[in-house]
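K.L.:
Before anything else, here's the structure in question.
In my numbering, the protein residues as written are 25 to 462.
Have a look at this one:
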């Protein structure tokens, strides 16, 4: 056994002997409700600062220099760092905000109780993703307490707001809190995920011309253009129906023509998730009257969730969609004069793609170290999005690796305890592989 392998073995043995640390830390974090306040603001539920206050002294006790700053008003990020070489620098990243519990009556356990049974630790945020954060902290602690001196700079980024667009990671990037690589400990069920598609939220607005429904015949049935004829109305909802059908064809054409080897075919979808139709476009960009069917509507607004592939860019995707919308408008006399408008980054949301090479040293390390546990991992892409995208957009090579569980964004969320301990071991080994030792 080489010296490095002996060091890794000793660190992993420390994690195994002290396995209660990662379990108890996860449970302590789960017991602090940290629901993202963009979703719910009931008393006592938005304690993100308390989670960071729990973590910071642990990092300080292991010799990390720490800092907190508000990524969003009253919502702090926590960063801890060991100094070292930039060439081998690494960020371990996780978010501590969680989604709302939903109907408590549908849970069989206390959502914030941290109950342990049958090898599972239950509670909101246990798998998504306080367990991953705890695994990163446990890996750092084991490296320190095993006397390992890393060559590369190692940082822990405990961030807020991932569940609502990633404001925490975005602020880290804005402040230049970067490295050569980032490992995001989102749940991956022990697989290694070096790629994820990009995501755009966009708002499409279609304008028509309102009128009284009694004169609908004047709009749809051929009339003579005689003196005094009323100008026909234009039903925006009917245009919207045609547009939806065209978007579906555009979506099918793209998903059939383009794919990525690490992602399921067809994942680059367009979901028309919200639609408003009515009359009178208001200051907030929505129709002001949506309750009177006696009015021929003059506005439709659609909000779209649009996924694109890891090897595409946002600029390319936007260009293609804008060209499609322009072509759609050119096929209609009314729309040529009153074209459909597109608002990108709706709600400030935009996720860049992540497309780290499969032979990247951090990726190959995670594949090797996970295989050493007795079960070879699969290398695949992430079908959702996470904070790795924001770092990737700033040029940081990213990969996702974390524990197993279920119930995320649903009821009876849990993290598998054995996978939690195993994830800490694998992460620790890959930190040593990537950062090197002095």
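From the three backbone atoms N, C-alpha and C, an ideal C-beta is built for every residue, glycine too.
Considering Cα atoms alone, identify which of 292, 261 and 287 is closest to residue 276.
P.N.:
Against the chain shown, residue 276 aligns to sequence position 252. Considering only alpha carbons, the answer is 292.
K.L.:
Measuring CB to CB, does residue 231 end up less than 9 Å from residue 364?
P.N.:
The residue labelled residue 231 in the question sits at position 207 within the chain shown. The residue labelled residue 364 in the question sits at position 340 within the chain shown. Cβ atoms of residue 231 and residue 364: closer than 9 Å.
K.L.:
Would you report the Cα separation of residue 184 and residue 99, rounded to the nearest angstrom?
P.N.:
What you label residue 184 is simply residue 160 of the chain shown in a count that begins at 1. What you label residue 99 is simply residue 75 of the chain shown in a count that begins at 1. Their backbone Cα atoms lie some 7 Å apart in a straight line.
K.L.:
Which runs of the alpha helix (DSSP H) spanning at least 4 residues fall entirely within the segment 362-435, listed in chain order?
P.N.:
385-395 and 412-417
K.L.:
Would DSSP call residue 247 helix, strand or coil?
P.N.:
Reading the chain shown from its first residue, position 223 is the one you call residue 247. If DSSP states are grouped into helix, strand and coil, residue 247 belongs with coil.
K.L.:
Should the segment 226-243 be called in touch with the segment 195-207, which here means at least 3 C-beta pairs below 8 Å?
P.N.:
The segment 226-243 vs the segment 195-207: no contact.
K.L.:
Between the Cα of residue 459 and the Cα atoms of 42, 82, 386 and 301, which residue gives the shortest distance?
P.N.:
What you label residue 459 is simply residue 435 of the chain shown in a count that begins at 1. Nearest of 42, 82, 386 and 301 to residue 459, Cα basis: 386.
K.L.:
Could you tell me whether the segment 213-224 touches the segment 112-122, using the rule of 3 or more Cβ pairs below 8 Å?
P.N.:
no
K.L.:
Candidates 362, 76 and 243: which alpha carbon is nearest residue 257's?
P.N.:
If you number the chain shown from 1, residue 257 lands on position 233. Nearest option by C-alpha distance: 243.
K.L.:
Counting Cβ pairs, one atom from each stretch, are 3 or more of them under 8 Å apart for the segment 417-435 and the segment 139-159?
P.N.:
yes
K.L.:
Kindly list the residues whose CB is nearer than 6 Å to the CB of residue 439, restricted to its own chain and excluding five residues on each side of it in sequence; keep chain order.
P.N.:
Locating residue 439 in the chain shown gives position 415, where the first residue counts as 1. 145, 150, 151, 155, 427 and 429, listed in sequence order.
K.L.:
Taking residue 331 as part of the beta strand (DSSP E), name the residues at either end of that continuous run.
P.N.:
Taking the first residue of the chain shown as position 1, residue 331 is located at position 307. First-last of the beta strand (DSSP E) with residue 331: 323-332.
K.L.:
Within the same chain, show all residues whose beta-carbon is closer than 6 Å to that of residue 450, passing over the 5 residues directly before and after it, in chain order.
P.N.:
The count along the chain shown starts at 1 and reaches residue 450 at position 426. Taken in chain order, the residues that qualify are 393 and 394.
K.L.:
Using the three-state DSSP reduction, which class does residue 187 fall into: helix, strand or coil?
P.N.:
If you number the chain shown from 1, residue 187 lands on position 163. Correct three-state label for residue 187: helix.
K.L.:
Return the residue from the list 52, 367 and 49 that minimises the CA-CA distance to residue 308.
P.N.:
The count along the chain shown starts at 1 and reaches residue 308 at position 284. The shortest Cα separation from residue 308 among 52, 367 and 49 belongs to 367.
K.L.:
Look at the alpha carbon of residue 134 and the alpha carbon of residue 59, and state the distance between them as a whole number of angstroms.
P.N.:
Start at 1 with the first residue of the chain shown, and residue 134 comes out as number 110. Start at 1 with the first residue of the chain shown, and residue 59 comes out as number 35. Spanning the two alpha carbons is a distance of roughly 15 Å.
K.L.:
For the segment 66-82 against the segment 40-57, are there 3 or more C-beta pairs whose distance is under 8 Å?
P.N.:
yes
K.L.:
Going straight from the alpha carbon of residue 349 to that of residue 343, what length do you get?
P.N.:
The residue labelled residue 349 in the question sits at position 325 within the chain shown. The residue labelled residue 343 in the question sits at position 319 within the chain shown. Looking at the two C-alpha atoms, the distance is approximately 10 Å.
K.L.:
Shortest alpha-carbon distance to residue 103 belongs to which of 192, 139 and 297?
P.N.:
As a position in the chain shown, residue 103 is number 79, starting the count at 1. For the residues 192, 139 and 297, the minimum Cα distance to residue 103 belongs to 192.
K.L.:
On the DSSP letters alone, give me the boundaries of the alpha helix (DSSP H) that residue 295 sits inside.
P.N.:
Sequence index remark: in the chain shown, residue 295 carries index 271 (1-based). Careful: residue 295 lies outside any alpha helix (DSSP H), inside the beta strand (DSSP E) at 294-305.
K.L.:
Please report the Cβ distance between residue 327 and residue 117, rounded to the nearest whole angstrom; I am assuming they are in contact, meaning their Cβ atoms lie under 8 Å.
P.N.:
By 1-based counting over the chain shown, the position of residue 327 is 303. By 1-based counting over the chain shown, the position of residue 117 is 93. Between residue 117 and residue 327 the Cβ distance is about 28 Å, and since that is not below 8 Å, they are no contact.
K.L.:
Label residue 25 either buried or exposed according to how many other C-beta atoms from any shown protein chain fall within 10 Å of its C-beta, with 16 as the threshold for buried.
P.N.:
Counting from 1 along the chain shown, the entry for residue 25 is found at position 1. With fewer than 16 Cβ atoms within 10 Å of its Cβ, residue 25 is classed as exposed.
K.L.:
Out of 310, 329 and 330, which one is the CA nearest neighbour of residue 321?
P.N.:
Taking the chain shown and counting its residues from 1, one reaches residue 321 at position 297. The residue with the shortest Cα to Cα distance from residue 321 is 310.
K.L.:
Below 9 Å between beta carbons: does that hold for residue 177 and residue 87?
P.N.:
Reading the chain shown from its first residue, position 153 is the one you call residue 177. Reading the chain shown from its first residue, position 63 is the one you call residue 87. No; because the gap between Cβ atoms is not below 9 Å, this pair is not in contact.
K.L.:
If we count Cβ pairs, one from each stretch, closer than 8 Å, do we get three or more for the segment 165-172 versus the segment 31-43?
P.N.:
yes
K.L.:
Quick one: what does DSSP say residue 313 is sitting in, helix, strand or coil?
P.N.:
Position 289 of the chain shown, counted from the start, is the residue given in the question as residue 313. If DSSP states are grouped into helix, strand and coil, residue 313 belongs with the strands.
K.L.:
Compute the Euclidean distance between the alpha carbons of residue 236 and residue 260, then round it to the nearest angstrom.
P.N.:
As a first step, residue 236 must be located in the chain shown, where it is residue number 212. As a first step, residue 260 must be located in the chain shown, where it is residue number 236. If you take the alpha carbons of residue 236 and residue 260, they lie about 14 Å apart.
K.L.:
For residue 501, which option in 346, 370, 300 and 281 has the closest C-alpha, if you only look at C-alpha atoms?
P.N.:
The requested residue 501 does not occur in the structure, where the chain is confined to residues 25 to 462.
K.L.:
Tell me residue 102's beta-bridge partners as DSSP assigns them.
P.N.:
Against the chain shown, residue 102 aligns to sequence position 78. Answer is 92 and 182.
K.L.:
Measure the Cβ-Cβ separation of residue 441 and residue 207 and say whether it is below 9 Å.
P.N.:
Position 417 of the chain shown, counted from the start, is the residue given in the question as residue 441. Position 183 of the chain shown, counted from the start, is the residue given in the question as residue 207. A distance of 9 Å or more separates the beta carbons of residue 441 and residue 207.
K.L.:
Considering only residues of the segment 124-196, which uninterrupted beta strand (DSSP E) runs meet the minimum length of 3 residues and lie entirely inside it, listed in chain order?
P.N.:
144-146 and 176-183
K.L.:
For the beta strand (DSSP E) holding residue 229, just list the boundary residues, first then last.
P.N.:
One-based indexing of the chain shown puts residue 229 at position 205. From DSSP, the beta strand (DSSP E) with residue 229 extends over 222-231.
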